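Here is the structure we will look at.
Chains as they are written, first to last, in the working numbering: chain A, 104 to 484; chain B, 26 to 219.
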């Protein structure tokens, strides 16, 4: 079921020539679709005339399940939304809940959240860069990138015991304080990571074959990026300078000095390169956050186990590795949310695929899909 | 071809053939167990650990297990992640495309029973064993890469009980793990003197 021909038909072109139109099914199990994406591709020879993504192969009903869980029980479910970067959904949900219930978060917890989320950004971008490189034939890059990701996962494991589904950011704080020696390891990681990033930059983006595969492929204009609601590196690759950490500052982000890297051409090359540069910025934020962090409580004491916020609603969003991730919560006074809605950046970015893929070769389709970096846990929810 | 198909049965029925059969079985099982190419049926979070298992730190290749995303090249399907009702027909179809002999590893709680998605959801299949014969169950949400590697080693033990004679091929009986991180399906007659 990887790639198979669904139908073939002959169409008469404008110039009178007869061409065979192929309809090819890619996925839902395909090594280059980053999960369970299915794309129905209409081909004229090898050129994509139309690409229709079919989603829903990982629809687990998390938003509906949240209505049957207490507010605290929803946190582990949010881990499974964006499984490449679990910390973000944790944090977005907790922020919405904290706004809804009026919970104050200690300053140390905010710093810890920033630290883990910036590390998560590096881990997620490493996965994205690596798999996108592997899709375009550069498997070596994947191994270099995954090495860096594995180091962060080891740090997370030391911090909260889990390698992937952390359940770390909790309403009112975080679940654990940093263990002894963790901060030094994290700082040492920042130093080695910068060198590794430079190496990867030369290895992949300096490679003439990689440049040929990425440059000018899947060009997204800045106007289209805004019109289609793209966010994160996809929008920034097109030159849209939009980052919630800068433009709707939350948590302790205003205290840090960092830049928002943007591209100019909006092609796959720029989107991937923006991710690489964001890792440098994340290292900068990490070092500043670790330097500024003061000892203190890491969670609010005396928070009831059964939260029952007053009827109302709250929306909050954070900048995840994929873009602006928002959670909307409606409370009806009971200990369970009346409704939870996740604004998923991966879903909005994936919607660009038909537009970007049109007119490119079939082999460019996987490169474009990789540059959009969808995670299907979050797309389908 | 037909002779090859009947070879096992013929050997088994003839006098003294059992000795040859067990020797052939031993060779076949040794070669099958030592190069298990895996079909990575990664749908959700567990797929990340499946990728991690085959990369730098854990290096799956040293066990002879190599991820190959083509069902026709592979021996074992590693179902890693939640299987929804929409995905299940595709998984089944991919399993049917795999050439015999083939095995299935259910990696993670979602593939075992639905895991965290067992209750309150309308779209998740409660365990891949509802439609596939699972040989090894690996518990965890997600399991560590080491657990997956242990699961493959357990699968080798199951493969070691196989035979080229259809009379001696035993039906896999599906059991859920009672304790420990890894369990594997017992087959009837396993450990019995034959």
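Using N, Cα and C, we set each Cβ at its ideal position, and we do this for glycine too.
Since the structure is predicted, the reported quantities are computational estimates derived from the model, not experimental observations.
Measure from the alpha carbon of residue i to the alpha carbon of each residue in the options, then state which is nearest.
i, options, result
"residue 427 (chain A)", "A:440, A:449, A:434 and A:415", "A:449"
"residue 309 (chain A)", "A:251, A:343, A:256 and A:244", "A:244"
"residue 215 (chain A)", "A:391, A:466, A:125 and A:446", "A:391"
"residue 110 (chain B)", "B:139, B:96, B:130 and B:101", "B:139"
"residue 158 (chain A)", "A:284, A:251, A:143 and A:285", "A:143"
"residue 276 (chain A)", "A:453, A:200 and A:362", "A:200"
"residue 191 (chain A)", "A:223, A:176 and A:208", "A:223"
"residue 128 (chain B)", "B:61, B:45 and B:43", "B:61"
"residue 130 (chain B)", "B:54, B:38, B:75 and B:39", "B:75"
"residue 183 (chain B)", "B:50, B:136 and B:34", "B:50"
"residue 159 (chain B)", "B:137, B:143 and B:95", "B:137"
"residue 483 (chain A)", "A:242, A:186, A:301 and A:202", "A:186"
"residue 105 (chain B)", "B:112, B:135 and B:187", "B:135"
"residue 289 (chain A)", "A:429, A:256, A:359 and A:323", "A:256"
"residue 323 (chain A)", "A:353, A:367, A:315 and A:311", "A:367"
"residue 197 (chain A)", "A:353, A:466, A:377 and A:302", "A:353"
Output yes or no for whether 8 angstroms exceeds the beta carbon distance between residue i and residue j.
i, j, result
"residue 339 (chain A)", "residue 365 (chain A)", "yes"
"residue 480 (chain A)", "residue 148 (chain B)", "no"
"residue 231 (chain A)", "residue 313 (chain A)", "no"
"residue 227 (chain A)", "residue 411 (chain A)", "no"
"residue 319 (chain A)", "residue 459 (chain A)", "no"
"residue 161 (chain A)", "residue 146 (chain B)", "no"
"residue 64 (chain B)", "residue 123 (chain B)", "yes"
"residue 331 (chain A)", "residue 455 (chain A)", "yes"
"residue 176 (chain B)", "residue 153 (chain B)", "no"
"residue 273 (chain A)", "residue 400 (chain A)", "no"
"residue 52 (chain B)", "residue 33 (chain B)", "no"
"residue 408 (chain A)", "residue 436 (chain A)", "no"
"residue 420 (chain A)", "residue 195 (chain A)", "yes"
"residue 254 (chain A)", "residue 260 (chain A)", "no"
"residue 134 (chain A)", "residue 94 (chain B)", "yes"
"residue 389 (chain A)", "residue 293 (chain A)", "yes"
"residue 306 (chain A)", "residue 247 (chain A)", "yes"
"residue 462 (chain A)", "residue 235 (chain A)", "no"
Look at the alpha carbon of residue i and the alpha carbon of residue j, and state the distance between them as a whole number of angstroms.
i, j, result
"residue 393 (chain A)", "residue 296 (chain A)", "16 angstroms"
"residue 41 (chain B)", "residue 121 (chain B)", "36 angstroms"
"residue 148 (chain A)", "residue 347 (chain A)", "42 angstroms"
"residue 79 (chain A)", "residue 88 (chain B)", "Only positions 104 to 484 of chain A appear in this structure, which leaves residue 79 (chain A) out of reach."
"residue 439 (chain A)", "residue 172 (chain A)", "6 angstroms"
"residue 150 (chain B)", "residue 116 (chain B)", "12 angstroms"
"residue 100 (chain B)", "residue 56 (chain B)", "12 angstroms"
"residue 329 (chain A)", "residue 59 (chain B)", "53 angstroms"
"residue 333 (chain A)", "residue 452 (chain A)", "5 angstroms"
"residue 207 (chain A)", "residue 270 (chain A)", "19 angstroms"
"residue 164 (chain B)", "residue 70 (chain B)", "14 angstroms"
"residue 77 (chain B)", "residue 170 (chain B)", "7 angstroms"
"residue 141 (chain A)", "residue 184 (chain A)", "19 angstroms"
"residue 252 (chain A)", "residue 37 (chain B)", "53 angstroms"
"residue 442 (chain A)", "residue 415 (chain A)", "11 angstroms"
"residue 373 (chain A)", "residue 152 (chain A)", "24 angstroms"
"residue 118 (chain B)", "residue 130 (chain A)", "12 angstroms"
"residue 478 (chain A)", "residue 138 (chain A)", "7 angstroms"
"residue 156 (chain B)", "residue 107 (chain B)", "14 angstroms"
"residue 167 (chain B)", "residue 123 (chain A)", "45 angstroms"
"residue 198 (chain B)", "residue 325 (chain A)", "Because the pLDDT at residue 198 (chain B) is just 45, under 50, the model does not fix this residue reliably, and the value given afterwards should be weighed accordingly. Taking the straight line from one Cα to the other gives about 58 angstroms."
"residue 457 (chain A)", "residue 128 (chain A)", "14 angstroms"
"residue 35 (chain B)", "residue 189 (chain B)", "11 angstroms"
"residue 103 (chain B)", "residue 90 (chain B)", "11 angstroms"
"residue 304 (chain A)", "residue 356 (chain A)", "27 angstroms"
"residue 179 (chain B)", "residue 133 (chain B)", "16 angstroms"
"residue 343 (chain A)", "residue 379 (chain A)", "17 angstroms"
"residue 219 (chain A)", "residue 229 (chain A)", "15 angstroms"
Who does residue i pair with in a DSSP beta bridge?
i, result
"residue 428 (chain A)", "A:421"
"residue 415 (chain A)", "A:434"
"residue 82 (chain B)", "Paired residue(s): none; residue 82 (chain B) is not in a bridge."
"residue 104 (chain B)", "B:66 and B:131"
"residue 53 (chain A)", "Outside the modelled stretch of chain A, which goes from 104 to 484, sits residue 53 (chain A), for which no answer is possible."
"residue 464 (chain A)", "A:150"
"residue 92 (chain B)", "B:63"
"residue 402 (chain A)", "A:276"
"residue 109 (chain B)", "B:149"
Kindly provide the ranges of any alpha helix (DSSP H) runs that are 4 or more residues long and lie completely inside the stretch 189 to 226 of chain A, ordered along the chain.
189 to 204
Whole runs of the beta strand (DSSP E) within the stretch 122 to 198 of chain A, excluding any shorter than 3 residues
141 to 147 and 150 to 157
Start-end ranges of the beta strand (DSSP E) lying completely within the stretch 112 to 198 of chain B, minimum 3 residues:
128 to 132 and 161 to 163
Runs of 3 residues minimum, wholly inside the stretch 44 to 75 of chain B: which ones carry the beta strand (DSSP E) assignment?
62 to 67
Can you check the stretch 241 to 312 of chain A for any alpha helix (DSSP H) of at least 4 residues that lies completely inside it and give the ranges in chain order?
242 to 263 and 285 to 303
Would you list, in sequence order, the uninterrupted alpha helix (DSSP H) runs of no fewer than 4 residues that lie entirely inside the stretch 327 to 362 of chain A?
336 to 340 and 347 to 350
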